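Have a look at the structure below, then the notes.
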Amino acid sequence: MFPLTEENKHVAQLLLSTGTCPRCIFRFCGVDFHAPYKLPYKELLNELQKFLETEKDELILEVMNPPPKKIRLQELEDSIDNLSQNGEGRISVSQDGSIASKNSNLNVCNVCLGILQEFCEKDFIKKVCQKVEASGFEFTSLVFSVSFPPQLSVREHAAWLLVKQEMGKQSLSLGRDDIVQLKEAYKWITHPLFSEELGVPIDGKSLFEVSVVFAHPETVEDCHFLAAICPDCFKPAKNKQSVFTRMAVMKALNKIKEEDFLKQFPCPPNSPKAVCTVLETECAHGAVFVAGRYNKYSRNLPQTPWIIDGERKLESSVEELISDHLLAVFKAESFNFSSSGREDVDVRTLGNGRPFAIELVNPHRVHFTSQEIKELQQKINNSSNKIQVRDLQLVTREAIGHMKEGEEEKTKTYSALIWTDKAIQKKDIEFLNDIKDLKIDQKTPLRVLHRRPLAVRVRVIHSMETQYVDEHHFRLSLKTQAGTYIKEFVHGDFGRTKPNIGSLMNVTADILELDVESVDVDWPPALDD
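Residue 1 is where the sequence shown starts when you use UniProt numbering, and the numbers rise one by one after that.
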C-alpha cells in the first residue's frame with residue numbers, strides 16, 4: 001500500500017519536481033513505518049509518479065479554470081523563487097501539462113545526495129559485506145555505523161523551509177522533528193540487507209563495528225556561509241580535520257534566522273551532478289580483556305620495558321613475556337598492560353602472584369573455549385623460566401576495577417634480607433615483632449621522583465616478624481598497607497621516610513633482597529588447575 005495520502009500530494013509534487021528522491025519525500029511527509037522505504041528505488045519512483053498523476057484542474061495551483069501552461073509554470077516558479085534565486089531551470093511542463101523533473105529516473109537527490117538512492121541497493125550492500133568478510137574478523141553480531149557529509153544537514157534545512165512554506169499556505173505546520181531522520185531511514189533499509197547477507201544480527205551493543213564514511217566533494221562548500229554568520233559555532237579542534245563537523249553545522253542551523261539562511265543558500269537546494277563517494281569502509285572490534293596472576297622469579301626483569309632516553313636497558317619484561325603470546329593468538333593490533341601495583345626490577349613476586357589485566361585492542365579473534373585459554377597459559381609458562389602465569393581468563397572491562405580498588409586499600413606481604421652496619425644479636429631485633437600498625441610518613445622516594453609527584457604519604461606497617469641470620473644480617477617479614485615503599489622503610493631514603501628500620505634500631509640499615517610474598521586482592525577469581 002502506497003504510504004502517501006491526498007494531503008501529502010502538494011508537498012510530494014513540489015519536492016519531486018525540485019529534484020528530491022522518493023525516499024526523502026517520504027521522510028518529509030512523516031512516513032515513519034519501514035516497509036515503503038525498503039522497496040527497490042525504481043519501483044518506488046514509478047509508484048510515486050503514478051500517485052502524482054493528476055487531471056489538469058488538480059495541479060498544484062488549485063483553480064477551477066486553469067490558465068494556459070505558460071502562466072501555470074510561471075506561477076509555480078514564482079512560488080519557488082520567493083525562497084531562492086537559484087531555483088529556476090529545473091521545472092518543466094510535459095506535453096499533457098503535468099509537472100516533471102528535467103532529469104528523469106535516477107537523478108541525484110538534491111537533499112540526500114544519493115544516500116537513499118544507490119547506497120541502499122543490494123549491490124552496494126554486497127560490496128561492503130565483501131570487505132567485511134575479507135577483513136578476517138571473528139564476529140557473531142555487528143553494529144553498522146555511517147558518517148554522512150555535514151552539508152546534508154544544510155540541504156535538509158533548505159528543503160524543510162521549502163516544505164514548511166508550502167504547508168503554511170494550507171494552514172499546516174511542519175516542525176524539524178516531524179521529518180524522519182536520514183540515518184533512521186537509512187538503517188531501516190540497510191540493516192535487514194546486511195543481516196541477511198552476513199547471516200548475523202545487527203545489535204547496537206555488539207563489539208564488532210562496520211563503519212562507512214561518505215563524502216561529497218562537489219557540495220563541500222555548502223556549509224561555508226554558516227561560518228561567516230555563526231563564527232562561534234566553528235572552532236578548530238586538534239583531532240578534527242575540518243571545523244565543519246556535523247555537530248557544528250547543526251548548532252549553527254539552530255542559531256541562524258530563517259531570513260538570513262534564505263539569503264545565503266538556494267531553496268530548494270541545487271541538484272548535484274554526482275552521488276556521494278565512499279571515503280572509507282572500516283571494520284573494528286572493541287577491546288577484549290584478559291586477566292590473571294603472574295609470579296616473577298628473576299631479579300633482573302622489569303615489569304614493563306625498561307627504556308631510558310630511547311635506549312633499551314634489559315632485553316625483556318614481564319609485560320612482554322605475557323602479552324606477546326596474547327597478541328599473536330588474539331590477532332590484536334596492540335595492547336595495554338595494567339596490574340595491582342608493581343615490583344622493582346630486582347624484586348621477585350612469589351606466593352599466589354600479582355593480579356594483572358591486559359586490554360587487547362582491535363582483536364580479530366575473540367572466541368575461545370576455557371580449554372584453549374588453559375593451553376595459552378601453558379604456552380606462556382613453557383616459554384620462560386623467569387615468570388609463570390595462573391588463573392588466566394577472559395574478563396569484562398568493568399571487572400578490572402576490582403583490581404584497581406585493591407591498589408591502595410588492600411595489604412601486601414613482603415620478605416626482606418637486611419644488612420646492618422653494626423653487629424647485632426637476636427635480642428636487638430626481637431622488639432620489631434611487637435610493633436603493630438606503625439604509621440610512617442613517606443616523602444616520594446628519590447628513585448621515583450622523576451615519574452611521581454612530590455608528596456608525603458602516610459602508610460601503615462601492620463606487623464613485622466624477624467629471623468636472625470648473623471651479626472650483620474636478618475630476615476624481616478612485613479605485612480603493610482598497599483603502596484608502601486619497603487626499601488625506603490628499611491634504609492630511610494636520607495631521612496625521607498620516618499620512622500624507618502635504621503632509626504628504630506639506631507643503626508645504618510640497607511636492603512639486600514626483597515620478595516613480594518602476597519598481594520591480597522581477591523581478583524581475578526581463582527581457577528581449578
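Just so it is clear, CB atoms sit at the ideal spot from N, CA and C, and this is done for glycine as well. Being a predicted model, the structure only gives us computed values, none of them experimental.
Burial state of residue i (16 or more Cβ within 10 Å)
i: P149; result: buried
i: E372; result: exposed
i: F26; result: buried
i: Q181; result: exposed
i: S84; result: Because the pLDDT at S84 is just 42, under 50, the model does not fix this residue reliably, and the value given afterwards should be weighed accordingly. Buried: at least 16 other Cβ atoms inside 10 Å.
i: F431; result: exposed
i: T508; result: exposed
i: V2; result: Inspection of the sequence shows that residue 2 is occupied by Phe rather than by Val. Answer is exposed; the Cβ neighbour count stays below 16.
i: V31; result: buried
i: D522; result: exposed
i: R452; result: exposed
i: T20; result: buried
i: A481; result: First, the residue type needs correcting, since residue 481 is Gln and not Ala in the sequence shown. It counts as buried.
i: P22; result: buried
Sequence-distant residues of its chain with Cβ nearer than 6 angstroms to residue i (five each side left out)
i: L14; result: E166
i: K42; result: none
i: F234; result: A227, V243 and A248
i: N8; result: C29
i: E280; result: V213
i: L454; result: T444
i: C223; result: P150, Q151, V154, F244 and V249
i: T349; result: N295, K296, E343 and V516
Nearest-angstrom Cα separation, counted from residue j out to residue i
i: T5; j: G204; result: 34 angstroms
i: R299; j: N385; result: 12 angstroms
i: T190; j: R457; result: 58 angstroms
i: G114; j: N336; result: 42 angstroms
i: E343; j: E138; result: 36 angstroms
i: E319; j: H472; result: 36 angstroms
i: S339; j: K412; result: 14 angstroms
i: A100; j: L16; result: Confidence at A100 is low in this model, with a pLDDT of 36, below 50, so the placement of that residue is unreliable and no value is reported for it.
i: M250; j: S206; result: 28 angstroms
i: K331; j: D324; result: 10 angstroms
i: N381; j: V519; result: 20 angstroms
i: V389; j: N295; result: 6 angstroms
i: L48; j: V366; result: 47 angstroms
i: L44; j: T369; result: 49 angstroms
i: E53; j: L360; result: 60 angstroms
i: P192; j: R176; result: 27 angstroms
i: V146; j: D528; result: 45 angstroms
i: K257; j: K183; result: 25 angstroms
i: E259; j: W160; result: 14 angstroms
Spatial neighbours of residue i in its chain, beta-carbon cut-off 8 angstroms, leaving aside the 5 residues before and after
i: K374; result: L392
i: F194; result: I125, V128, C129, L142, F144, I202 and V210
i: S503; result: G492
Simplified DSSP state of residue i, which is helix, strand or coil
i: E138; result: coil
i: V146; result: strand
i: K374; result: helix
i: A332; result: coil
i: G294; result: As written in the sequence, residue 294 is Tyr, which differs from the Gly given in the question. Strand, per DSSP.
i: T304; result: coil
i: Q481; result: strand
i: F474; result: strand
i: G89; result: Unreliable placement is indicated for G89, whose pLDDT of 33 sits below 50; the coordinate value is still reported in the next sentence. It is coil, neither helix nor strand.
i: N239; result: coil
i: W419; result: strand
i: V345; result: coil
i: M1; result: coil
i: E58; result: Bear in mind that a pLDDT of 43 at E58, under 50, signals an unreliable position, so the number given afterwards is only what the model happens to contain. Three-state DSSP puts E58 in a helix.
i: V521; result: coil
i: P355; result: strand
Same chain, Cβ closer than 7 angstroms to residue i, five either side skipped, listed in chain order
i: S135; result: C283
i: V132; result: L198, V210 and C283
Interface flag, residue i vs chain D, CB-CB below 8 angstroms
i: C109; result: In the structure shown, chain D does not exist; there is a single protein chain.
Inset, instruction - Answer yes if the region 410-428 comes into contact with the region 505-525, meaning at least three C-beta pairs across the two stretches below 8 angstroms, and no otherwise. - result: yes
Legend entry - Cβ contact check for the region 110-125 and the region 267-277: 3 or more pairs under 8 angstroms: yes
Inset, instruction - Report yes or no: do three or more beta-carbon pairs, one from the region 204-218 and one from the region 270-286, lie closer than 8 angstroms? - result: yes
Legend entry - At least three beta-carbon pairs within less than 8 angstroms, the region 338-354 to the region 120-132: no
Inset, instruction - Please determine if the region 446-453 and the region 395-404 are in contact, where contact requires at least 3 C-beta pairs separated by less than 8 angstroms. - result: no
Legend entry - contact_flag[the region 483-492, the region 319-330] where n(CB pairs < 8 angstroms) is 3 or more: no
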